[in-house]
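Shown next, in structure tokens, is the structure this report addresses.
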Amino acid sequence: MAAHLERLDGRTALVTGATKGIGRAIAIRLASLGADIVVTASGRDPAGLDETRRAVEAAGGRAHGLFVDLTDAAARADLVAQAGAAFGPVTILVNNAASAGAFAPLSKIDLAARRNAFEVNVHAPVDLIQAALPAMREAGWGRILNITSETVSQPPAPYVTPAKFIHGLAAYGASKAALDRLTTGLAAELHGSGIHVNAVKPYKICASENALALAHATMPRHPDWIEGVEMMAEASAILIAASLTGIIASSREVLMMTQSPLHALDGRQVIGDAHTIPDLPPA
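Numbering-wise (our numbering), the sequence shown opens with residue 52 and increments by one.
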């Protein structure tokens with residue numbers, strides 16, 4: 052039986068890095084379940100932020116956009132409070148924003164890029180979590196979802212088989228590995244509080260602009276290795292709207308373990324299931 056997804060009416064969700072791709076898709080899917088959505092952008096893409104806001108509203112939700120530099124601890128210090136001022140206290144936090152500056156071989160990446168990766172991928176999520184927890188505790192209900200990555204692990208040698216297309220991403224993967232460990236640790240700390248903490252990653256290369264650009268630079272074109280943003284959005288909705296905590300899984304694994312269908316972003320129709328995307332080739 053598919054997981055029961057509770058309605059999110061009256062709840063405020065903060066989704067970072069939501070001008071396009073996975074962040075936008077998650078924002079739309081959560082809006083389809085009734086959540087009020089606050090989305091953030093760094094300021095480099097105001098048009099993208101407006102497009103996300105309009106897409107959320109088209110799905111039946113309310114949306115508000117905020118510009119914030121997540122690399123700056125002072126700039127992000129009152130982000131949760133600003134989000135709460137829009138629709139009410141934030142009880143759903145999706146840490147989706149990520150630093151692409153660490154997409155380089157470890158032998159070449161400089162200290163500034165490494166610091167940037169950990170600032171956005173580790174320190175910013177922790178700061179936002181700490182800021183959101185008081186309202187979640189007061190409500191006796193909260194959902195924290197961290198967007199992680201397959202780059203946390205390097206497949207074993209040899210490194211030349213088609214399935215092993217992830218390379219040159221050690222620094223980025225290390226920051227996401229830290230986020231994974233923080234996810235499970237926080238889930239344990241908050242066990243029994245009504246606050247659930249999970250992490251999800253694409254099963255394949257998610258069809259977002261940034262991921263596809265990276266994929267085309269680091270592997271041969273192969274359509275079977277691409278998954279639509281709907282898969283990540285659905286898995287995120289399940290981990291937020293079902294009673295699950297302490298999970299780190301791929302999008303496809305979430306759908307499989309909960310026997311859930313795959314919906315369109317607006318939630319109005321079923322478009323597939325976990326097997327909509329084929330298995331990856333063997334390692």
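Note that the Cβ used here is the ideal one computed from N, Cα and C, for glycine as well. Small disclaimer: the values here were computed from a predicted structure and weren't measured.
DSSP, read as helix, strand or coil, puts Lys71 in coil. Between Leu144 and Ala183, the C-beta spacing is below 9 Å. DSSP places Arg303 inside the alpha helix (DSSP H), whose first and last residues are 302-309. Annotated three-state conformation of Leu241 is coil, per DSSP. For Leu316, the secondary structure class from DSSP, reduced to helix, strand or coil, is coil. Here the segment 52-72 lies against the segment 309-322, with 3 or more beta-carbon pairs under 8 Å apart.
Between Ala163 and Ala155, the C-beta gap is not smaller than 9 Å, which leaves the two residues out of contact.
Assignment of Val145 by DSSP, reduced to helix, strand and coil, places it in the strand class.
By the neighbour-count criterion, in which a residue is buried when 16 or more other Cβ atoms sit within 10 angstroms of its Cβ, His247 is buried. Setting aside the 5 residues that flank it on each side, Leu130 is surrounded in the same chain by Val119, each with a C-beta closer than 6 Å to its C-beta; the list follows chain order. Counting other Cβ atoms within 10 Å of its Cβ, Ala106 reaches 16 or more and is therefore classed as buried. The beta carbon of Arg194 lies closer than 6 Å to those of Ile143, His247, Ile291 in the same chain, with the five residues before and after it left out. Scanning Arg127, Asp231, Ile198, Gly152 for the CA closest to the CA of Ala92 turns up Arg127. Looking at the backbone, the Cα of Val280 and that of Leu84 are separated by about 17 Å. Secondary structure within the segment 105-155: the beta strand (DSSP E) runs of 3 or more consecutive residues, fully enclosed, are 114-118, 141-146 (chain order). Leu84: not part of any alpha helix (DSSP H); DSSP gives it neither H nor E. Beta-bridge pairing by DSSP links Thr63 to Asp87, Val141. Per DSSP, Asn167 is one residue of the alpha helix (DSSP H) stretching across 162-169.
Nearest to Tyr254 by C-alpha distance, out of Asn197, Ala300, Leu241, Glu240, is Ala300. Nearest Cα to Ala125 within the set Ala284, Arg62, Asp178, Leu295: Asp178.
In the three-state scheme derived from DSSP, where H, G and I count as helix and E and B as strand, His55 is classed as coil.
Around the Cβ of Val321, a 10 Å sphere holds fewer than 16 other Cβ atoms; the residue is exposed.
In terms of Cβ geometry, Ala86 and Ala69 do not form a close pair [threshold 9 Å]. Looking at Pro176, His115, Ala229, the one whose alpha-carbon comes closest to that of Ile88 is His115.
DSSP places Arg188 in the uninterrupted alpha helix (DSSP H) bounded by 175-190.
Following the DSSP letters along the chain, one finds Leu290 inside the alpha helix (DSSP H) bounded by residues 280-292.
Distances from the CA of Asp123 to each of Ala132, Ala175, Asp161, Ser158 were compared; the closest alpha carbon is that of Ala175. The three-state secondary structure of Gly193, taken from DSSP, is strand. In the assembly as shown, Ser150 is a buried residue. Its beta-carbon has 16 or more other beta-carbons within 10 Å.
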